[in-house]
Each structure stands twice: as C-alpha cells, then as structure tokens.
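In the working numbering, the protein residues as written are 99 to 558. Step one of this worksheet: look at the structure below.
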Amino acid sequence: MYSLDDTITAISSPIGEGGIGIVKMSGPEVLLTLQKVFLPSRARPEGDGPWQPVSHHLYHGHIVDPESQEVVDEVLVSYMKAPRTYTRQDVVEINCHGGIVPLRRVLELTLRQGARLASPGEMTLRAFVLGRLDLAQAEAVLDVVRAKTEAGLRVAVEQLGGHLSQEIRGVRAQLVDTLAYLEATIDFTEDEIPERDITVPLQEAAGAIKELLQGADRGMIYRQGIRAAIVGRPNVGKSSLLNRLLRTARAIVTPIPGTTRDTLEETINLQGIPLTLVDTAGIAESEDLVEKLGIERSREALSRADLALMTVDVSEPLQEADSQIAELIGGKPAILVANKIDLPQLASLDDLLPGVRRVRVSALTGEGLEELEEAMVEAVFSGKVTASDVPLVTNPRHKQALHEALEHAEAAVEASTSDTPVDLIAIDVTAAVNALGEITGETATEDLLEIIFSEFCVGK
Ligand SMILES: Nc1nc2c(ncn2[C@@H]2O[C@H](COP(=O)(O)OP(=O)(O)OP(=O)(O)O)[C@@H](O)[C@H]2O)c(=O)[nH]1
Ligand SMILES: [Mg+2]
C-alpha cells in the first residue's frame, strides 16, 4: 500500500499567508531534486560537479525553474541526511516566502523533477515504518498539532516522548514472557521445564493495564474536550451567559424572547479542558417556522452535548416549559443555572431537576460565574482535579485496546487458578499481547494504519 523508496514532497506549512512556508521532501532523491531547482548564493568557485550541501546546514539562495531559468523565490534550504531526520530518510526543507503562489510553484517544480505528492501523514508514516516512532508516538504527533489547551499539549508531548509506549511495552514484555513459558510447557514434558507460577505475573500485568485505564476518561477529555449546551426557555439569559463565559459579546442579546434562532458555538479553555459552549434557541411552543427549526436544533444540540447547562430565570415563577426542558435533559449530566439573581426572586426551584447541582448567577453582573466554571470542571471530571495528575491514555483507540487486553489478561488469571488446559490460557495471553501491540504498532494491521494516518494533514 505504502511505498518507501520513492521521494515524496508536500507543502508542510498551513495554507494561507505567512512569514514563511515550507516545502518538505523525503526520500532517496531529495538531494538530486534540490540540486536541480536550487541556485545557492555562494556557489563553489571551482564549479565542477553539482553543488554539495553539508548535512543539517542552512543555505541561502534561489529556487529557479530549470526549464525557463525563471527565479521563483528567494529561499533558505536545508538538506538533512538520513538517519538523523524526521522520517529517517534523507529530508530536504525549502523555506519559501509564505504565500500560496510561491509555495505552489516550488511544490510544482519538485513534482516536475520526479518527486511524488505525499499523502496525508505519509512523512510520519515513514518515521513509523522506519522505526523512529512507534504508533502511539506517531498518533501523538497529531495530538500535539491539534492540542487545544496547554494541558492537552502537555499530555500529547508526554506521549510523543514515548511515556505511554514504555509502559505498554513493559506490560507486554511481561505477558510475552509468561506466554513463552506456557508454550514451552505445551511443547515439552514437565521434567524438562522447571515449574513456575503464572498467576502472579498475569495479575501484575492485569493490574498495570487497569491503572493505565483509570485515567483514560480524563485523558480523553484533555484531548478532545467536551460540549456543553446552554438550554432553557426563551429570554432566561442563555446568550448573556454564553457571552459572560466567553468574555466577549459573541451572541446577540435582547429583551425580546426568541432572539437566538440558531445554535451558535464557541470553544473556551476551562482549566485546561477545551470546552465547547453551545448557545441554543429558547425551547418553547412556537408557530414561527424559523423559530421552530431553531428549537429542533436546540434539541439536537442537547442530545449531542456531554453536559447541559439548564438555565432558568429566577425573577419569574417557573413555567411549564421549564419542567418540559428538564424532562428533555433526562439523565444527562447537568447543572441548573439559576440566572438573574440581581432581580427580586420569584421562582422556587425545589422540584426542578432534583439531585442536580444548582449555581446561582447573574449573567448581567457576573456574580456566581466563577462558581459556575468550577461546577463545570467538577461535573466533567466528577470530582476535583489537580494539575499534576496527568493521565497517560488520551486516545479512544488506545482505551479500546487496553480494555481488550484487560479482558483477556483477567480471563487468563482466572484460568490459571483453575485446572484449565494450558493451551487455552495461552490463547487469552496471546490476545492480550496482541491488543497491547496494537497500541504501539507491533501488531497493527495495514487497515488500521491507513485509518490512523489518513487523519493527518498533508506534509506531516
Ligand atoms: N437583570 C438581569 N437581566 C438579565 C440577566 N441575564 C440576561 N438578562 C436579560 O434578559 C434578556 C434576555 O437575555 P438573553 O441572553 O437574550 O436571553 P436568551 O435566553 O438568550 O433568550 P432567547 O435567545 O430569546 O432564547 C436580555 O434583556 C438580558 O439583558 C441577568 O442576570 N439579570
Ligand atoms: Mg439567546
């Protein structure tokens, strides 16, 4: 599916205007390609043979179309000889001016010299196949690029450094060791193999997997963030609340019920968690077609959200609509936001959403907003968090594989304490070993690799 022996090229910087933009190439012919299109400012005086750069040095010069001799851009280039490179192959980077036109022209020139356009993630794929990164680390590259908060970045950088992989390899090695013993007892007679306890090492492995899984949900929150839908009947102050939490006047606020007609979302950084807030149209009976459609979207937003911020106006008695919205929320994690506490209070909230945490706020004055933010963090993590306990597992794929590994490891522990035939225990241990190998890539199938790397951007 993927070849490694041709030379690939791509624009590695984001598309758009910038100070610089980078065309990156990897493969056996990068130097040859560069020599054809690059005119160094300081050519060797003798001038015999092609220009030879020193590896890992930066050179100033111009990219020149070899056919028309036209100067395309003034650039800085570097040639990095394998293996100390991102892909473990020879790599060339051309730092152009960061406009889309020069970048495209330089890319085209490299293509015309025989390089192939890299597919998304292909540079990182090569780094993986050639052993510079394992699969979990390669995935971390993507997480670093996409990190939405500093906490998310910290977790991703840990993983890129191989922290998770190390843990996984440790557990896997222990299981492989037990497996080797089990297979030996199948192949040889008892007096050829010294007897050995397998329950304890299997238990230890299962325990270590469990530990990794424990922080997984929290880890995924740092990576993916959560969605909170602000719901409530018209005019209770949902948009005002959104604006307060965003600290900008993002949504239109008016005293007229039915102001917000469509859902609107923005992401904030809530103590390291990327929190997407969704403002919705007030839910009420309506004859207006646009309003009706908006309300339909509100329901959808609610069902897609991880957390509901049910907003009520405490300056008015509760209405039928408030109870109906509470019903819509059902068992979803929620916070009851009692808004407009700066006004005389007429609502009794006792029967609304029993058991759900309530926070009294004024979106107008800002009172209670800090408490609301605290409440959101606690609701997300179902408890307090400290900055130090950074989880290792942040990726749903890894979580899934760990679950599978745990299931089989536990089954093996169970079997090892009964008189289950050894070859049946070996089947479970093998399955656990393979599941762990999927995380680091030892046992990943080509399909899985394709899915993972297709998520990358081109040039990474
Ligand atoms: N006194 C007071 N007024 C508020 C407060 N929050 C919102 N309001 C006012 O209530 C009115 C409605 O606010 P919005 O934020 O537009 O309410 P909404 O829930 O988004 O309304 P719809 O979009 O129509 O569903 C506006 O006049 C706000 O200024 C508050 O805490 N105190
Ligand atoms: Mg609104």
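The beta-carbon is built from N, C-alpha and C at its ideal position, and this holds for glycine as well.
(message) What does the alpha-carbon distance come out to for the pair Lys-438 and Gly-335?
(response) Taking the first residue of the sequence shown as position 1, residue 438 is located at position 340. Taking the first residue of the sequence shown as position 1, residue 335 is located at position 237. Between Lys-438 and Gly-335, the alpha-carbon positions lie close to 8 Å from each other.
(request) Could you say if the stretch 431–446 and the stretch 358–377 meet the contact criterion of at least three C-beta pairs nearer than 8 Å? (result) Output reads no: the stretch 358–377 does not touch the stretch 431–446.
(message) Along the chain, where does the alpha helix (DSSP H) containing Asp-521 start, and where does it finish?
(response) For the purposes of this step, residue 521 is taken as the residue at position 423 of the sequence shown. For Asp-521, the enclosing alpha helix (DSSP H) starts and ends at 520–538.
(request) May I ask you to verify whether the stretch 488–495 touches the stretch 316–324, counting CB pairs closer than 8 Å and requiring at least 3? (result) In this structure the stretch 488–495 touches the stretch 316–324; the number of beta carbon pairs closer than 8 Å is three or more.
(message) Which residue wins for smallest C-alpha separation from Leu-451, given the options Ser-421, Arg-458, Ser-460, Val-457?
(response) Mapped onto the sequence shown, residue 451 falls at position 353. Checked all of Ser-421, Arg-458, Ser-460, Val-457; the closest Cα to Leu-451 is Ser-421.
(message) Give me the residue from Thr-374, Ala-424, Leu-215 with the minimum Cα distance to Asp-104.
(response) The residue you call residue 104 lines up with position 6 of the sequence shown. Among Thr-374, Ala-424, Leu-215, the Cα nearest to that of Asp-104 is on Leu-215.
(request) May I ask you to report which of helix, strand or coil DSSP gives Pro-442? (result) Here residue 442 refers to the residue found at position 344 when the sequence shown is read from its first residue. Under the three-state reduction of DSSP output, Pro-442 falls in the coil class, being neither helix nor strand.
(request) Starting from the C-beta of Ala-245, find all residues in its chain whose C-beta is less than 7 Å away, skip the five residues before and the five after it, and write them out in chain order. (result) Position 147 of the sequence shown, counted from the start, is the residue given in the question as residue 245. Here the set comprises Leu-251, Ala-254.
(request) Would you tell me roughly how many angstroms separate the C-alpha atoms of Gly-330 and Asn-341, rounded to the nearest one? (result) In the sequence shown, counting from the first residue as 1, residue 330 sits at position 232. In the sequence shown, counting from the first residue as 1, residue 341 sits at position 243. Asn-341 has its alpha-carbon roughly 16 Å from the corresponding atom of Gly-330.
(message) Let me confirm a value: Val-88 is counted as buried when at least 16 other C-beta atoms fall within 10 Å, else exposed. Which label applies?
(response) As displayed, the chain neither begins before 99 nor continues past 558, which places residue 88 out of reach and without an answer.
(message) Less than 8 Å separating the Cβ of Ala-51 from some heavy atom of ligand 2?
(response) Residue 51 falls outside the range modelled here, since the chain spans only 99 to 558, and no answer is possible.
(request) Along the alpha helix (DSSP H) that carries Ala-238, what are the first and last residues, could you check? (result) The sequence position of residue 238 within the sequence shown is 140, counting from 1. Run containing Ala-238: 233–244, per the alpha helix (DSSP H) assignment.
(message) Output needed for Leu-400: all residues of its chain with C-beta closer than 8 Å, excluding positions within five of it in sequence on either side, in chain order.
(response) As a working note, residue 400 is residue 302 in the sequence shown. Same-chain partners within the cutoff: Ala-327, Val-329, Thr-378, Ala-406, Leu-426, Ile-427, Lys-430.
(message) Tell me the DSSP secondary structure of Ile-433 in three-state form.
(response) Along the sequence shown, read from residue 1 onward, the residue named residue 433 stands at position 335. Strand.
(message) Is Ala-57 a contact residue of ligand 1, with contact defined as CB to any heavy atom under 8 Å?
(response) Residue 57 lies beyond the range of the chain shown here (99 to 558); nothing can be said about it.
(message) Taking 8 Å as the cut-off, does the stretch 537–557 touch the stretch 210–229 (at least 3 CB pairs, one atom from each stretch)?
(response) Contact between the stretch 210–229 and the stretch 537–557 is present, because at least three Cβ pairs lie under 8 Å.
(message) Whole angstroms are fine: how far does the CA of Pro-353 sit from the CA of Leu-462?
(response) Sequence index remark: in the sequence shown, residue 462 carries index 364 (1-based). Sequence index remark: in the sequence shown, residue 353 carries index 255 (1-based). Between Leu-462 and Pro-353, the C-alpha separation is close to 12 Å.
(request) Just the C-alpha distance for Ile-355 and Gly-464, rounded to the nearest angstrom, thanks. (result) Locating residue 355 in the sequence shown gives position 257, where the first residue counts as 1. Locating residue 464 in the sequence shown gives position 366, where the first residue counts as 1. First, the residue type needs correcting, since residue 355 is Pro and not Ile in the sequence shown. Cα to Cα, Pro-355 sits roughly 21 Å from Gly-464.
(message) Nearer than 8 Å: is that true of the beta carbon of Gly-439 relative to any heavy atom of ligand 1?
(response) Working through the sequence shown from its first residue, we reach residue 439 at position 341. Residue identity check: residue 439 is Ile in the sequence provided, not Gly. Yes - ligand 1 has a heavy atom lying nearer than 8 Å to the Cβ of Ile-439.
(message) Shorter than 8 Å, the distance from the beta carbon of Val-388 to the closest heavy atom of ligand 3, or not?
(response) Absence of ligand 3 is noted for the structure shown, with ligand 1 and ligand 2 being the only ligands found.
(request) Output yes or no for whether 9 Å exceeds the beta carbon distance between Arg-455 and Val-412. (result) Locating residue 455 in the sequence shown gives position 357, where the first residue counts as 1. Locating residue 412 in the sequence shown gives position 314, where the first residue counts as 1. No.
(message) I need the straight-line Cα distance from Gly-259 to Ser-166, nearest angstrom please.
(response) As a working mapping, residue 259 is identified with position 161 in the sequence shown. As a working mapping, residue 166 is identified with position 68 in the sequence shown. In this model, Gly-259 and Ser-166 are separated by some 46 Å (Cα to Cα).
(message) Per the DSSP calculation, Tyr-97 is bridged to which residue(s)?
(response) Residue 97 lies beyond the stretch modelled for the chain, which goes from 99 to 558, so this question has no answer here.
(message) Restricting to Cα atoms, I'd like to know which of Tyr-157, Leu-273, Gly-370 is closest to Phe-479.
(response) Your numbering for residue 479 matches position 381 in the sequence shown. If we check each option's Cα against that of Phe-479, Gly-370 comes out closest.
(request) Output the boundary residues of the alpha helix (DSSP H) element that contains Phe-551. (result) Numbered from 1 along the sequence shown, position 453 holds the residue referred to as residue 551. Where Phe-551 is concerned, the enclosing alpha helix (DSSP H) stretches over 544–552.
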